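Mapping to our numbering: the sequence shown position 298 is 327, numbers consecutive. Note that CB positions come from ideal geometry on N, CA and C, so glycine has one too. Predicted model only: the values in this text are computed from it and were never measured. Worksheet for the structure shown next.
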Amino acid sequence: MNRRTSRILLMLLIAGVLSAFAALMAIYPSAALSSAVRGLSIWWDVLFPSLLPFFIISEALLGFGIVHFIGALLDPVMRPLFRVPGIGGFVVAMGYASGYPVGAKLTTRLRADRLVTREEGERLIAFTSTSDPIFLIGAVAVGFFGNAGLALILAVAHYGAGLTIGILMRCHAPASPMTPSQGDMRQFDTPLFRRAFRAMHRARQQDGRPLGTLLREAIGSSLRLMTVVGGLVVFFSVLMELLACIGVMNMIDRLLQSVLALFHLSPALAPAFSGGLFEVTLGAKGAGAANVAGLRSQVVAAAWILSWAGLSVHAQIASIMNECDMRYLPFLAARVLHSLLAAAAAYFLFPLLAPYAEEAAVWIPSQVWAQAYSPWETAWHSLRGGIWTLLTVCCLLLAASLLIVAWRRLRT
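Structure below.
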């Protein structure tokens, strides 16, 4: 079978699937409408206010050269640890602070500006597409489980497995070349902060856009991306409802029950896994509701769901990656491995960290997280929590970078 025939068959398959989808919408109009409204509500009330500020801020920081400043500072730690340029450290911090798909958007922008190679971009997206702490703590631990202390176990399992994926992705395309270092080529003779300021100044000169133009383009590109994200959220919400109407979701549940039995997990978790296969929020909510499965199994399921992220997020990231030459398959492999590592970590960490859950809960204002916020209150809390997370991750990476530079100077 040649390539042309394969493309024709693929197009026919896509046309058939879309035709079946349209027919199901005509057969079940009420279910399609209610699920579309539900998906639109999730996008407007949660995703739009929590993601839009980070998209705009990241675009502005790139234009002002601040990302290049951070990249030069973090270069000594990012290259040996993850085999990506230092500018990827900003993507790591933003991805962990604001959640999917911000890391993919930033990486695609870096690739478009030729600041990373294709392989470096694929490594970055593989381990920066994580849940944001606001969702993990506020929605999952407090909202779905009613136990703020579980945030400690979920965070260590989820983010720890993500960093492990980043280290393992060093082996992805090992023979591929790396992007040259930012700043002065005599990197060991020039002080680190001086190199960083030079990189920022050079990037700002190369960009050259006035402030008004920069902000207008940042807002415009961010709104276009949010529209795509909203469309995909609504699409998968309708798809899941239609699949439930024709019994496909029940078939998936029965199949998952057999798989869960192999791992000695309760069949009551099957709806959570099937929901999480498509959409992370529904899956995590199902894990929190499956009380008969036992708390340890519920936490394992939630860790898997958060790390897999759902096909809705996969579609969002694939649509973003389609703007450049990066491939989806390395990301898919990383998500599979991340979900398995996070679930295993949650299983083994639960008996070790559960005794400290109550102490951790003291530091989390669960009565605040449990409140229902308006979309713009959500935006404020997401922005505030994200900025603190961003600063924390950047400071930790900078400390590691300075230690590496000091160690190199001592050796020479």
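My assumption, with CB atoms under 8 Å, is that Leu378 sits in contact with Val185. Please give the rounded CB distance. Stepping through the sequence shown from its first residue, residue 378 is reached at position 349. Stepping through the sequence shown from its first residue, residue 185 is reached at position 156. Confirmed, about 6 Å.
Going straight from the alpha carbon of Arg231 to that of Gly92, what length do you get? Reading the sequence shown from its first residue, position 202 is the one you call residue 231. Reading the sequence shown from its first residue, position 63 is the one you call residue 92. Taking the straight line joining both Cα atoms gives about 11 Å.
Item checked: For His201 and Trp23, the rounded distance between their alpha carbons -> Here the chain has residues from 30 to 441 only, and residue 23 is not among them.
Quiz item: Is it true that the region 65-75 meets the region 260-268, where meeting means three or more beta-carbon pairs spaced less than 8 Å apart?
Solution: Contact holds: three or more Cβ-Cβ distances are below 8 Å.
Could you give the first and the last residue of the continuous alpha helix (DSSP H) run that contains His230? Taking the first residue of the sequence shown as 1, we reach residue 230 at position 201. It spans Leu221 to Asp236 - the alpha helix (DSSP H) in which His230 sits, taken as one unbroken run.
Put Ile56 into one of helix, strand or coil per three-state DSSP. On the sequence shown, residue 56 is found 27 positions in, with the first residue counted as 1. Three-state result, Ile56: helix.
Query raised in the report: By DSSP, does Asn279 sit in helix, in strand, or in coil?
Result: Locating residue 279 in the sequence shown gives position 250, counting from the first residue. The answer is helix: DSSP assigns Asn279 an H, G or I state.
task = State the Cα-Cα distance for the pair Gly175 and Ala299, rounded to the nearest angstrom.
result = Translated into positions along the sequence shown, residue 175 becomes position 146. Translated into positions along the sequence shown, residue 299 becomes position 270. Each residue's alpha carbon lies about 21 Å from the other.
Supposed contact pair Leu102 and Ala225 - C-beta distance, whole angstroms, cut 8 Å: As a working note, residue 225 is residue 196 in the sequence shown. As a working note, residue 102 is residue 73 in the sequence shown. 5 Å between Cβ atoms; contact.
Q) By Cβ distance, which residues of its chain are closer than 6 Å to Glu151, with the 5 residues on each side in sequence left out? A) For the purposes of this step, residue 151 is identified with residue 122 of the sequence shown, where counting begins at 1. Met355 and Pro359.
>> If you reduce the DSSP assignment to three classes, tell me which class Cys200 lands in.
In response: Residue 200 sits at position 171 when you count from the first residue of the sequence shown. The answer is helix: DSSP assigns Cys200 an H, G or I state.
Around the C-beta of Arg138, are 16 or more other C-beta atoms found within 10 angstroms, so that it is buried, or is it exposed? By one-based count along the sequence shown, residue 138 stands at place 109. Classification of Arg138: buried, given that the 10 Å Cβ count is 16 or more.
Ignoring anything shorter than 4 residues, give me the alpha helix (DSSP H) runs that lie fully in the region 78-132, in order along the chain. 95-111 and 117-127
Simplified DSSP state of Met207, which is helix, strand or coil
Your numbering for residue 207 matches position 178 in the sequence shown. If DSSP states are grouped into helix, strand and coil, Met207 belongs with coil.
Taking C-alpha atoms, which residue in Thr34, Val131, Arg112 and Gly305 lies nearest to Leu419?
Translated into the one-based positions of the sequence shown, residue 419 becomes position 390. Of Thr34, Val131, Arg112 and Gly305, the residue nearest in Cα terms is Val131.
Original post:
To the nearest whole angstrom, what separates the beta carbons of Arg199 and Phe119, a pair I think is in contact under 8 Å?
Top reply: Within the sequence shown, the letter at position 170 stands for residue 199. Within the sequence shown, the letter at position 90 stands for residue 119. Cβ-Cβ separation between Arg199 and Phe119: approximately 19 Å, too far for a contact (criterion under 8 Å).
If distances are taken between C-alpha atoms only, which option among Leu41, Leu47 and Leu42 comes closest to Leu268?
Reading the sequence shown from its first residue, position 239 is the one you call residue 268. That would be Leu47, whose Cα lies nearest to the Cα of Leu268.
With a threshold of 6 Å on Cβ separation, who are the neighbours of Met107 within its own chain once the five nearest residues in sequence on each side are excluded? The sequence position of residue 107 within the sequence shown is 78, counting from 1. In its chain, beyond the 5 residues on either side, Val113, Gly115, Gly117 and Gly118 have a beta carbon closer than 6 Å to the beta carbon of Met107.
Can you tell me whether Val66 is buried or exposed, with buried defined as 16 or more other CB within 10 angstroms of its CB? For the purposes of this step, residue 66 is identified with residue 37 of the sequence shown, where counting begins at 1. Exposed, since its Cβ has fewer than 16 Cβ neighbours within 10 Å.
| query | Helix, strand or coil for Arg143 per DSSP? | reply | As a working note, residue 143 is residue 114 in the sequence shown. Three-state result, Arg143: coil.
Are there 16 or more other CB atoms within 10 angstroms of the CB of Val422, so buried, or fewer, so exposed? Reading the sequence shown from its first residue, position 393 is the one you call residue 422. The residue in question, Val422, is buried, as its Cβ has 16 or more Cβ neighbours within 10 Å.
**Asked** What are the boundary residues of the alpha helix (DSSP H) that Ala362 is part of?
**Response** By one-based count along the sequence shown, residue 362 stands at place 333. It spans Tyr357 to Leu382 - the alpha helix (DSSP H) in which Ala362 sits, taken as one unbroken run.
Would you tell me roughly how many angstroms separate the C-alpha atoms of Leu271 and Phe307, rounded to the nearest one? Taking the first residue of the sequence shown as position 1, residue 271 is located at position 242. Taking the first residue of the sequence shown as position 1, residue 307 is located at position 278. Each residue's alpha carbon lies about 13 Å from the other.
### Message
Could you compute how far the alpha carbon of Ala401 sits from the alpha carbon of Met40?
### Response
Looking up residue 401 in the sequence shown gives position 372. Looking up residue 40 in the sequence shown gives position 11. In this prediction, Ala401 has a pLDDT of 49, which is less than 50 and means its spatial position is unreliable; what the coordinates show is noted afterwards. Ala401 and Met40: Cα-Cα distance of roughly 44 Å.
**Request:** Could you say if the region 145-163 and the region 286-295 meet the contact criterion of at least three C-beta pairs nearer than 8 Å?
**Result:** no
Original post:
Roughly how many whole angstroms lie between the Cα atoms of Leu11 and Asp236?
Top reply: The chain is shown from 30 up to 441; residue 11 falls before or after that span and cannot be answered.
**Message:** I need the straight-line Cα distance from Ala273 to Ala49, nearest angstrom please.
**Reply:** Here residue 273 refers to the residue found at position 244 of the sequence shown. Here residue 49 refers to the residue found at position 20 of the sequence shown. Cα-Cα distance, rounded: 15 Å.
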